[in-house]
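Engineer: Submitted below is the structure of interest, expressed as structure tokens.
Here it is in structure tokens:
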């Protein structure tokens with residue numbers, strides 16, 4: 004299996020900003036990643052904020068350096084989020100990943116992990132809780148009974164990418180199935196074994 008190498012570890016501030024700019028240029032108008040185009044404006048703003056903060060830090064004092072570090076962390080987080088999105092949309096295709104400004108390296112597949120599901124305090128709601136892993140984005144899916152092993156019938160849950168999500172607007176008295184997958188900057192887990200629950 005291949006994973007994306009974001010290359011952020013050990014970079015200087017100037018190198019991080021250069022990396023962000025190169026990824027932005029590579030993704031702009033990239034037909035392989037139509038879903039990424041909407042996030043490029045926010046990415047550009049994050050890069051500009053980092054550049055401005057660095058300029059202030061070079062001339063200012065401790066407060067300016069602390070502010071610069073905060074903006075650099077925001078840039079790092081944004082690069083990791085984009086890397087995860089690129090990995091998913093490219094479906095592991097090396098040519099597509101490289102075209103987005105990232106390198107690829109070999110990496111082991113992360114094994115599937117478990118999560119819990121329980122009815123929420125309000126009728127028609129469910130609370131799902133998975134193991135929180137630093138740098139990971141959680142993808143959740145659900146389907147109404149009957150469960151389909153071939154994957155058909157599953158729907159993405161778009162309102163949550165955290166380790167704890169609150170599903171709502173489910174039909175009370177109906178049985179649903181849930182599953183979760185973690186997306187890392189450079190890889191992903193398998194889907195968890197699905198968990199079923201009758202909604203109260």
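In this note's numbering, the protein residues as written are 4 to 203. All C-beta atoms, glycine included, are put in the ideal place defined by N, C-alpha and C.
(1) So what's residue 165 in DSSP terms, helix, strand or just coil?
(2) Tell me the residue span of the beta strand (DSSP E) that contains residue 129.
(3) Report the residue from 31, 13, 68, 140 whose alpha carbon sits nearest the alpha carbon of residue 53.
(4) Just how far apart, CA to CA, sit residue 44 and residue 81?
(5) Which partner residues does residue 201 have in the DSSP bridge list?
(6) May I ask which residues mark the beginning and end of the alpha helix (DSSP H) holding residue 55?
(7) Helix, strand or coil: which one does DSSP assign to residue 103?
(8) Return helix, strand or coil for residue 119, following the three-state DSSP convention.
(9) When DSSP labels each residue in this structure, what does residue 36 get in the three-state scheme?
(10) Using a Cβ-Cβ cutoff of less than 6 Å, which residues in the same chain neighbour residue 1 once the five nearest sequence positions on both sides are dropped?
(11) In this structure, does DSSP put residue 4 in helix, strand or coil?
(12) Please report the distance separating the alpha-carbon of residue 196 from that of residue 25.
(13) DSSP puts residue 150 in a beta bridge; with which residues?
(14) Report the CB separation of residue 171 from residue 128 in whole angstroms; it is logged as a contact under 8 Å.
(15) When DSSP builds the beta bridges, which residues end up paired with residue 143?
(16) Contact defined as beta carbons within less than 8 Å: I believe residue 134 pairs with residue 166. What is the distance between those atoms, to the nearest angstrom?
(17) Cutting at 8 Å between CB atoms, please list the residues of its own chain near residue 122, excluding the five before and the five after it.
(18) Just to confirm, is the Cβ distance from residue 146 to residue 156 under 7 Å?
(19) Of all the options 49, 72, 23, 168, which has the alpha carbon lying nearest to the alpha carbon of residue 60?
(20) Give me the residue from 50, 86, 104, 91 with the minimum Cα distance to residue 16.
Structural biologist: With the structure as the only source:
(1) coil
(2) 129-133
(3) 68
(4) 12 Å
(5) 178
(6) 43-62
(7) coil
(8) strand
(9) coil
(10) Residue 1 lies beyond the range of the chain shown here (4 to 203); nothing can be said about it.
(11) Because residue 4 sits at a pLDDT of 47, beneath the cut-off of 50, its placement in the model cannot be relied upon, and the point is left open.
(12) 39 Å
(13) In the DSSP output, where bridge partners are listed per residue, residue 150 has none listed.
(14) 5 Å
(15) 183
(16) 7 Å
(17) 128, 129, 130, 200, 202, 203
(18) yes
(19) 72
(20) 50
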